Amino acid sequence: FIRDIIGEAQGYANGTRGNFHGAWNVAGYLDFFWTDGTRPVATLALVSGIVILLWRRPTLVWLWLSFAVPYLLILLSQQVHFVRNLMPLFVLCALPIGITGAEIIAWLQAHVNRRMAAVAMVAVVSAFAYQGRDAIAFTQFEASPNSQLLASTFVRSLPQGQRIAVELNGVEWATSPIIEPTTSIVDRSLDWYHANNYRYLVANKATQERRDAPLYDAIRANTTTVKIFPGDDGGQPGPHIEVLEIPPQPEALRIVRRSAQFGDSIQLLGYEAQPGDLRPAISAMDGADQRTLQSGQSLQLNLTWQALKSIPNNYALFVHIVDAAGTTVAQRDTLVRGDDYPTTRWQAGEVVVDRADTPLLALAPGSYKVVIGMYLMETFERLPLLQPEPGSDGTSLVLMTITVE
1 FIRDIIGEAQ GYANGTRGNF HGAWNVAGYL DFFWTDGTRP VATLALVSGI VILLWRRPTL
61 VWLWLSFAVP YLLILLSQQV HFVRNLMPLF VLCALPIGIT GAEIIAWLQA HVNRRMAAVA
121 MVAVVSAFAY QGRDAIAFTQ FEASPNSQLL ASTFVRSLPQ GQRIAVELNG VEWATSPIIE
181 PTTSIVDRSL DWYHANNYRY LVANKATQER RDAPLYDAIR ANTTTVKIFP GDDGGQPGPH
241 IEVLEIPPQP EALRIVRRSA QFGDSIQLLG YEAQPGDLRP AISAMDGADQ RTLQSGQSLQ
301 LNLTWQALKS IPNNYALFVH IVDAAGTTVA QRDTLVRGDD YPTTRWQAGE VVVDRADTPL
361 LALAPGSYKV VIGMYLMETF ERLPLLQPEP GSDGTSLVLM TITVE
C-alpha cells in the first residue's frame, strides 16, 4: 500500500500521469474540447450560445463565467492536467449549447416552411446525434462489469491443482492456499514457474510498467492465453487482464523425486521438505530437501501428486513420524486439499500440489521416518501401494528420514 501511494505521488510529480502537461497549456485544453470533449459541432454551439446570451441576457453570462473562468484558471495553472477534472464544466456547457439549439429551431420556424424546417431540424439533430453515438457507446462500456471482478470469477473456475500467480487484489485471495497475489509476474522467469508447480499466471496491464513489457512478452509467447478481459488504459471499467496457462511439464518440477502409486488413480511424483512454521498457504519451496530440524520445529512438507484418472472418493492423507523403535511419536491426518480441492475434483492427468505440514513436539534427538499413506476417512480403508517396498505393510510409504538435533 505504501509503495503504491509513493508511486502515485512520484507519478504526479514527474509528469508521467495526466492527459497533457505544462502550466497554462491553453492549446491542450482547446485541442481536447475540439477533438474529444465537446467535438466541433457542440464546441461551435457552445461559443454561439455564449454570444447569444451576451446579447440577450448578459447578467446570466457573467454569472456563468464567474464559475467557469476561475475554475479553468485553476486547472490551467497546474503542471499535470486530467481532462476528467472538466466534468463540472461539461454540465455548465449544456446551457449555451441548448440555447444555440433553441435559437436554430426558432429561426427555422420563422423563416422556413414546415417541410424544409422539418428537414433542417432532422439535420441538426443528426449532427448532434452523430457525436452522441460515441458517448452512448462509452457509457455502455463504462456500465459493463469490472474486468477484475470478471477475472476473479474466472480464476475461481480454473483447475486448482497447481499454483496460480495473480496480479489482482491480494485481500481477495487471503484464504486461498493455492492462489498467490504478486505485484508483478515478471519478477520470476517462466522456468521458475515451471519448476515450482505453477499452472496459471494472471497478468494485469495496470501493474506492468514499460520496462516490464519485453519480459512479459517473452512469458506470453511461451504460454497459452486462455482468457482475455478487456479494459482501457485508464483502468475503467477495469484494466486489461490476461490469463495465461503454462504448458504442463512434470519433468521440469523442482522436487525431490519419490515415485509411488496409491490404488489405481493417484501417483506420487515427489516432495519438498524443510523446517519452519506451519503455513496458511501452499508456498513455493524451490525444491527444498532439508531434513535436519531443531527440536520443537515443525516440518514443512509439499507433496506433488498426479491423478491417473478421475477419482470417485475424497481421500485423506496420514503423515506419521516414527522413531527407531517403530513408535509413532507425531502425526497429521486430514483430507487431501480438503479445504479447497479434494481428490474428487482432480482431473485425469492433472498435477496437484498439497501442503502436508506436520507439527512436531519437542522430540528427542535422533532419526525419524516420515511415513505417508492415503485412506477413506469414512471407513479408514487404506489405498494399497501398487509396488510396496520391502518392510511396508502394503499401504504405507516411507517418504524420507529426518534428523532432529
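Note that UniProt numbering has the sequence shown beginning at 1, numbered continuously upward.
For each residue, glycine too, the CB sits at the ideal point set by N, CA and C.
Since the structure is predicted, the reported quantities are computational estimates derived from the model, not experimental observations.
query: In chain order, which alpha helix (DSSP H) runs of at least 4 residues are fully inside the segment 56-104?; result: 58-76
query: Could you tell me which of H111, D264 and G238 sits nearest to P145, measuring between CA atoms?; result: G238
query: Please give the ranges of any alpha helix (DSSP H) in the segment 160-214, keeping only runs that are unbroken, at least 4 residues long and fully inside the region.; result: 190-195
query: Quick check: the Cα distance between W55 and A102, rounded to an integer number of angstroms?; result: 15 Å
query: Suppose contacts are defined by Cβ-Cβ distances below 8 Å. Is R382 in contact with T395 by that definition?; result: yes
query: Do N314 and T358 have their C-beta atoms within less than 8 Å of each other?; result: no
query: Using a 10 Å radius around the Cβ and a threshold of 16 neighbouring Cβ atoms, would you call E389 buried or exposed?; result: exposed
query: Report buried or exposed for W107, applying the criterion of at least 16 other Cβ atoms within 10 angstroms of its Cβ.; result: exposed
query: By Cβ distance below 8 Å, which residues in the same chain neighbour G338 in space, the five residues on each side in sequence not counted?; result: N314 and A316
query: Does the Cβ of P58 have 16 or more other Cβ atoms within 10 Å, making it buried, or fewer, making it exposed?; result: exposed
query: Kindly indicate which three-state DSSP category Q148 falls into: helix, strand or coil?; result: helix
query: If distances are taken between C-alpha atoms only, which option among W192, I185 and R156 comes closest to P177?; result: R156
query: Measuring CA to CA, which of Q306, Y200, A23 and W346 is closest to A260?; result: Q306
query: Okay, do the segment 164-179 and the segment 261-270 touch, 3+ Cβ pairs below 8 Å being the bar?; result: no
query: Would you give the residue range spanned by the beta strand (DSSP E) that D333 belongs to?; result: T328 to L335
query: Relative to the alpha-carbon of F82, which residue among Y29, I179, G366 and V166 has its alpha-carbon at the smallest distance?; result: Y29
query: Let me make sure I understand the geometry here. Which of R163, S147 and L158 has the alpha-carbon closest to that of D354?; result: R163
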